[in-house]
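First the structure, in the form of structure tokens, and then the observations on it.
Chains as they are written, first to last, in this note's numbering: chain B, 6 to 250; chain P, 6 to 250.
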């Protein structure tokens, strides 16, 4: 079997997320599997590194799939890009070692979160960032970021629907910077629970608005009481940015 | 009367262009006039600097309007941004001299044109750039740009529907550069005919693809035979970038 690694960029706006759900066409995984199945003439399953939520974007999602044919990488890339809708692009195809597994071999993942922090909306980025009209206090948020770094039980930042038993994750870094009117958070970790990044950013926004104090984060983490969905940042500001293997 | 100058940013994607057409709601001018009329309780007309085509964007369109009330600039800005849809933003409101006229006082205008020049589409910029899958020859296009600079009769680059008698315009500069996978054209001039920029970019793309030679531009200009609409670059790649007064 030939094992191919795909690097994928997508605007998650009109999808129910990465993961194929039954027969639903409306997932990124489903769209790519359909295209591959047309290409090889039989049903193909792909393994994605991260199961991004509904509405979440990716700059470089990674997936792999195995087929018996040895096809040139460029041929696969051209076929998929021709067949896929313009909001999903394959930016790289690579024939890899047979043992490569996009999910199990992922060592760390980086997510980017964009906030547009002006009173008026951003006409071109309104679907690609969260609009927060009130001024956020960057210094307060910077200080708050430190409390998330390290290994913690993230039950408080998980979703009740998730059935994962292991809720301990390690955050390697979490930074915030201002870039041309946008406030950008970048978080790297060994893995993230369902909704975890959006709930973390939700708390950071509350701190930036003065509604919570940075020092409350350890208490929230230790409480293991789930942050409510109301305190969750919008899906449209979140991007899966990079996966290291 | 108090004369206010507005700076406006918009995603032109779902509009029939700047200029109000009869009762049509679906123009940028119409949307802003409606909002202003609600604000002051009577019908208000605004004067825009440039009549951008259907689907064309603006980073900094300028308009002015006169009202008898002296209202704080911030109040106007907040009202409009609250009332307008998120694809139209007012980025500045300024009380100006009574003689300021957004159209007559415009000295020069700059348009930006974005092309995404990769085989795959750009998921986030697909509505904000023209996708050209075949590689464009930048050096050829750079050379071709020079032929447009200066004062010319732009009948060949006008639209048959336009009734303007004076078809002479002066181009001050026209540059092309590569910026992170995008090819960006920036053109400044004392004015532009309807569809003129898109038709010029259309010719430059043909040159970049090797379908035309740079040296044909003077002949096309002198012929005064209209470039066909087929040779016109997509509206979604064009941005009104700056107006100097």
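Beta carbons: idealized from backbone N, C-alpha and C, even for Gly.
Output the distance between the C-alpha atoms of residue i and residue j, rounded to the nearest integer angstrom.
{"i": "residue 81 of chain P", "j": "residue 94 of chain P", "result": "12 angstroms"}
{"i": "residue 107 of chain P", "j": "residue 216 of chain P", "result": "39 angstroms"}
{"i": "residue 171 of chain B", "j": "residue 109 of chain B", "result": "15 angstroms"}
{"i": "residue 161 of chain P", "j": "residue 77 of chain B", "result": "45 angstroms"}
{"i": "residue 64 of chain B", "j": "residue 242 of chain P", "result": "21 angstroms"}
{"i": "residue 227 of chain P", "j": "residue 201 of chain P", "result": "15 angstroms"}
{"i": "residue 142 of chain B", "j": "residue 120 of chain B", "result": "13 angstroms"}
{"i": "residue 89 of chain P", "j": "residue 37 of chain P", "result": "7 angstroms"}
{"i": "residue 131 of chain P", "j": "residue 6 of chain P", "result": "44 angstroms"}
{"i": "residue 182 of chain P", "j": "residue 117 of chain P", "result": "11 angstroms"}
{"i": "residue 196 of chain B", "j": "residue 79 of chain B", "result": "31 angstroms"}
{"i": "residue 104 of chain B", "j": "residue 124 of chain P", "result": "30 angstroms"}
{"i": "residue 3 of chain P", "j": "residue 111 of chain B", "result": "Outside the displayed span of chain P (6 to 250) sits residue 3 of chain P, for which this structure offers no information."}
{"i": "residue 185 of chain P", "j": "residue 122 of chain P", "result": "10 angstroms"}
{"i": "residue 187 of chain P", "j": "residue 188 of chain B", "result": "24 angstroms"}
{"i": "residue 126 of chain P", "j": "residue 218 of chain P", "result": "27 angstroms"}
{"i": "residue 101 of chain P", "j": "residue 209 of chain P", "result": "39 angstroms"}
{"i": "residue 236 of chain B", "j": "residue 74 of chain P", "result": "42 angstroms"}
{"i": "residue 191 of chain B", "j": "residue 83 of chain B", "result": "32 angstroms"}
{"i": "residue 44 of chain P", "j": "residue 233 of chain B", "result": "38 angstroms"}
{"i": "residue 32 of chain P", "j": "residue 22 of chain P", "result": "5 angstroms"}
{"i": "residue 58 of chain P", "j": "residue 86 of chain P", "result": "23 angstroms"}
{"i": "residue 194 of chain P", "j": "residue 247 of chain P", "result": "11 angstroms"}
{"i": "residue 70 of chain B", "j": "residue 138 of chain B", "result": "43 angstroms"}
{"i": "residue 179 of chain P", "j": "residue 30 of chain B", "result": "45 angstroms"}
What is the DSSP secondary structure of residue i, counted as helix, strand or coil?
{"i": "residue 149 of chain P", "result": "helix"}
{"i": "residue 172 of chain P", "result": "coil"}
{"i": "residue 120 of chain B", "result": "strand"}
{"i": "residue 65 of chain P", "result": "strand"}
{"i": "residue 237 of chain B", "result": "coil"}
{"i": "residue 53 of chain B", "result": "strand"}
{"i": "residue 179 of chain B", "result": "strand"}
{"i": "residue 204 of chain B", "result": "helix"}
{"i": "residue 191 of chain P", "result": "strand"}
According to the Cβ coordinates, are residue i and residue j closer than 8 angstroms?
{"i": "residue 146 of chain P", "j": "residue 239 of chain P", "result": "no"}
{"i": "residue 54 of chain B", "j": "residue 40 of chain B", "result": "no"}
{"i": "residue 14 of chain P", "j": "residue 24 of chain P", "result": "no"}
{"i": "residue 98 of chain B", "j": "residue 9 of chain B", "result": "yes"}
{"i": "residue 12 of chain B", "j": "residue 96 of chain B", "result": "yes"}
{"i": "residue 128 of chain B", "j": "residue 92 of chain P", "result": "yes"}
{"i": "residue 27 of chain P", "j": "residue 60 of chain P", "result": "no"}
{"i": "residue 51 of chain B", "j": "residue 42 of chain B", "result": "no"}
Would you kindly report the start and end of the unbroken beta strand (DSSP E) that includes residue i?
{"i": "residue 8 of chain B", "result": "7 to 15"}
{"i": "residue 247 of chain B", "result": "243 to 249"}
{"i": "residue 196 of chain B", "result": "That residue, residue 196 of chain B, is in no beta strand (DSSP E); it is neither H nor E in DSSP."}
{"i": "residue 87 of chain P", "result": "Here residue 87 of chain P belongs to no beta strand (DSSP E); instead the alpha helix (DSSP H) covers 78 to 88."}
{"i": "residue 155 of chain P", "result": "155 to 158"}
Using alpha carbons as the reference points, say which of the options lies closest to residue i.
{"i": "residue 198 of chain B", "options": "B/180, B/186, B/25 and B/169", "result": "B/169"}
{"i": "residue 212 of chain B", "options": "B/27, B/71, B/149 and B/127", "result": "B/149"}
{"i": "residue 175 of chain P", "options": "P/8, P/113, P/49 and P/30", "result": "P/113"}
{"i": "residue 173 of chain B", "options": "B/154, B/190 and B/221", "result": "B/154"}
{"i": "residue 158 of chain B", "options": "B/225, B/52 and B/31", "result": "B/225"}
{"i": "residue 47 of chain P", "options": "P/72, P/140 and P/124", "result": "P/72"}
{"i": "residue 244 of chain B", "options": "B/44, B/206 and B/165", "result": "B/206"}
{"i": "residue 144 of chain B", "options": "B/18, B/214 and B/117", "result": "B/214"}
{"i": "residue 230 of chain B", "options": "B/164, B/220 and B/246", "result": "B/164"}
{"i": "residue 156 of chain B", "options": "B/177, B/62, B/140 and B/209", "result": "B/177"}
{"i": "residue 133 of chain P", "options": "P/44, P/62 and P/220", "result": "P/62"}
{"i": "residue 220 of chain P", "options": "P/152, P/83 and P/138", "result": "P/152"}
{"i": "residue 249 of chain B", "options": "B/32, B/66, B/166 and B/58", "result": "B/66"}
{"i": "residue 56 of chain B", "options": "B/179, B/222, B/167 and B/180", "result": "B/167"}
Considering residue i, what are the terminal residues of the alpha helix (DSSP H) in which it resides?
{"i": "residue 35 of chain B", "result": "33 to 45"}
{"i": "residue 226 of chain B", "result": "222 to 228"}
{"i": "residue 99 of chain B", "result": "Element bounds for residue 99 of chain B: not the alpha helix (DSSP H) but the beta strand (DSSP E), 93 to 101."}
What does residue i touch in chain C if you count any residue whose Cβ is under 7 angstroms from its own?
{"i": "residue 16 of chain B", "result": "Here chain C cannot be found, since the structure's protein chains are B and P."}
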